[in-house]
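Notes for the one structure printed next.
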Amino acid sequence: MNGANESPILTLENLSKHFGGVRAVDDVSFDVSAGIVTSLIGPNGAGKTTVFNLITGLYEPTEGRILFHGGDSSIDLAKPVFDSFYTAVLCSATLGLGALALAVPPLSRRLYYRPRHPDSVARLGVARTFQNIRLFTDLSALDNVKVGMHARVKSGALDNVLRSPRHNREERSVAAAAMRYLEFVGLKDRAWEDADELAYGEQRRLEIARALATNPKLLLLDEPAAGMNATETNELIELIGKIGEAGVTVFLIEHDMKLVMEISDRIVVLDYGRKIGEGEPQEVRSNPDVIAAYLGA
Numbered sequence: 053m054n055g056a057n058e059s060p061i062l063t064l065e066n067l068s069k070h071f072g073g074v075r076a077v078d079d080v081s082f083d084v085s086a087g088i089v090t091s092l093i094g095p096n097g098a099g100k101t102t103v104f105n106l107i108t109g110l111y112e113p114t115e116g117r118i119l120f121h122g123g124d125s126s127i128d129l130a131k132p133v134f135d136s137f138y139t140a141v142l143c144s145a146t147l148g149l150g151a152l153a154l155a156v157p158p159l160s161r162r163l164y165y166r167p168r169h170p171d172s173v174a175r176l177g178v179a180r181t182f183q184n185i186r187l188f189t190d191l192s193a194l195d196n197v198k199v200g201m202h203a204r205v206k207s208g209a210l211d212n213v214l215r216s217p218r219h220n221r222e223e224r225s226v227a228a229a230a231m232r233y234l235e236f237v238g239l240k241d242r243a244w245e246d247a248d249e250l251a252y253g254e255q256r257r258l259e260i261a262r263a264l265a266t267n268p269k270l271l272l273l274d275e276p277a278a279g280m281n282a283t284e285t286n287e288l289i290e291l292i293g294k295i296g297e298a299g300v301t302v303f304l305i306e307h308d309m310k311l312v313m314e315i316s317d318r319i320v321v322l323d324y325g326r327k328i329g330e331g332e333p334q335e336v337r338s339n340p341d342v343i344a345a346y347l348g349a
């Protein structure tokens, strides 16, 4: 476990997500502190993955704020952002009449502001893995990691078509960096093998390498130990420790309580979409509400 940093890197304020009459996340607030491992736990259906989907832009919150403190200033990931491309298209299609809406703030917000996309969240410094492994199975391990670096390259489509010097320099740089990420997760020797040829635990580590390739400040891991055997779980624990030592804050969902208690500095507990507990592992372990949620009461 890493030394705690008092300042939060992520703050959830009164976060809610409703699907019709179902309150998947209901008025949840907590901080994820920089430099420590925070775990989000709870029974199946507690709303854990929904929280991750809200943070990373896959879902739009019904209410609340998601403040990311990973840069010079805090950014509300839940706040809609100005869509310049859509604005340009609509203004052109309406022969300039759409530009009139820019002068009317309520109308402009309705027409030209959109929820922040997941790729935008990744560029800000928030990366994630998924509960179900999502790799490009017909690509090599190296190419899977190179895909993760796409958000950081500066050459565009024209550079690619013309094979410009900038494109060629970036391609060499990306390939070298991708190999370093594979070495970091222990897969350097498997770089040229297709992702579907890797063992299950290796695929999990490859997905983590791809997420790290986006150069995140905050890494969200959704049940990284799911389906792993004891050896693979121990390797994962060592890897999470290395990630923290590299300066990346880890926030994870996990059902393996042995792993959670071993690596977590802080734990947040959800049940039926609401926060029922929060604290250090020993506090959470003895919390009667947490015990009731897991064992029944």
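Every letter in the sequence shown is one number past the one before it in our numbering, and letter 77, counting from 1, is 129. Glycine included, C-beta positions come from ideal geometry on N, C-alpha and C. Just so we're clear, the structure is a prediction, and the values are computed from it rather than from any experiment.
Asked: Ala265: which of Leu92, Lys198, Gln255 and Pro340 sits nearest, CA to CA?; Found: Lys198
Asked: According to DSSP, Val84 sits in a beta bridge with which residue or residues?; Found: Leu62
Asked: Please work out which residues of its chain come closer than 8 angstroms, Cβ to Cβ, to Met309, disregarding the five sequence neighbours upstream and downstream, and give them in chain order.; Found: Ile93
Asked: When you compare each of Gly122, Thr181 and Gly72 to Leu273 by their alpha carbons, which one comes out closest?; Found: Thr181
Asked: Do Leu152 and Ala130 have their CB atoms nearer than 9 angstroms?; Found: no
Asked: Mark Pro340 as exposed unless 16 or more other C-beta atoms lie within 10 angstroms of its C-beta, in which case mark it buried.; Found: exposed
Asked: Roughly how many angstroms separate the alpha carbons of Ala261 and Asp248, rounded to a whole number?; Found: 15 angstroms
Asked: For a cutoff of 9 angstroms on Cβ pairs, would you count Asp308 as touching chain D?; Found: The structure shown contains no chain D, having only a single protein chain.
Asked: Give a yes or no on whether the C-beta atoms belonging to Gly67 and Phe120 are separated by under 9 angstroms.; Found: In the sequence under discussion, the amino acid at residue 67 is Leu, which differs from the Gly named in the question. Taking 9 angstroms as the Cβ cut-off, Leu67 and Phe120 do not qualify as a contacting pair.
Asked: Run through the DSSP bridge pairs and tell me what His70 is partnered with.; Found: Arg75
Asked: Short of 7 angstroms in beta carbon distance, which residues of its chain neighbour Leu239, apart from the five on each side in sequence? Order them along the chain.; Found: Ala193, Glu254, Arg257, Leu258 and Ala261
Asked: Could you round the C-beta distance between Val89 and Pro60 to whole angstroms and report it? I think they count as a contact, below 8 angstroms.; Found: 14 angstroms between Cβ atoms; not a contact.
Asked: Between the Cα of Ser160 and the Cα atoms of Arg318, Asn220, Val302 and Thr139, which residue gives the shortest distance?; Found: Thr139
Asked: Do Leu322 and Val77 come within 9 angstroms of each other at the CB atom, strictly closer than that value?; Found: yes
Asked: What is the DSSP secondary structure of Gly329, reduced to helix, strand or coil?; Found: strand
Asked: How about Val302 and Leu271: do their beta carbons lie closer than 9 angstroms?; Found: yes
Asked: Let's see if you can read the secondary structure: which residues bound the alpha helix (DSSP H) around Asp171?; Found: Pro170 to Leu176
Asked: What residue range does the alpha helix (DSSP H) around Ile292 cover?; Found: Ala282 to Glu297
Asked: Please report how far the alpha carbon of Thr283 lies from the alpha carbon of Glu306, in whole angstroms.; Found: 17 angstroms
Asked: Could you work out which residue in Ile343, Glu222, Ala229 and Leu176 is closest to Ser125 when comparing CA atoms only?; Found: Leu176
Asked: State the CB to CB distance for the pair Glu275 and Gln183, rounded to an integer number of angstroms; the pair is presumed to be in contact (CB under 8 angstroms).; Found: 5 angstroms
Asked: Determine, using beta carbons only, whether Ser91 and Val312 come nearer to each other than 9 angstroms.; Found: yes
Asked: Where does Leu353 fall in DSSP's three states?; Found: Past the edges of the chain, shown from 53 to 349, lies residue 353, and the structure says nothing about it.
Asked: According to DSSP, is Glu115 part of a helix, a strand, or is it coil?; Found: strand
Asked: Do Gly97 and Val80 count as a contact pair if the criterion is CB distance below 9 angstroms?; Found: no
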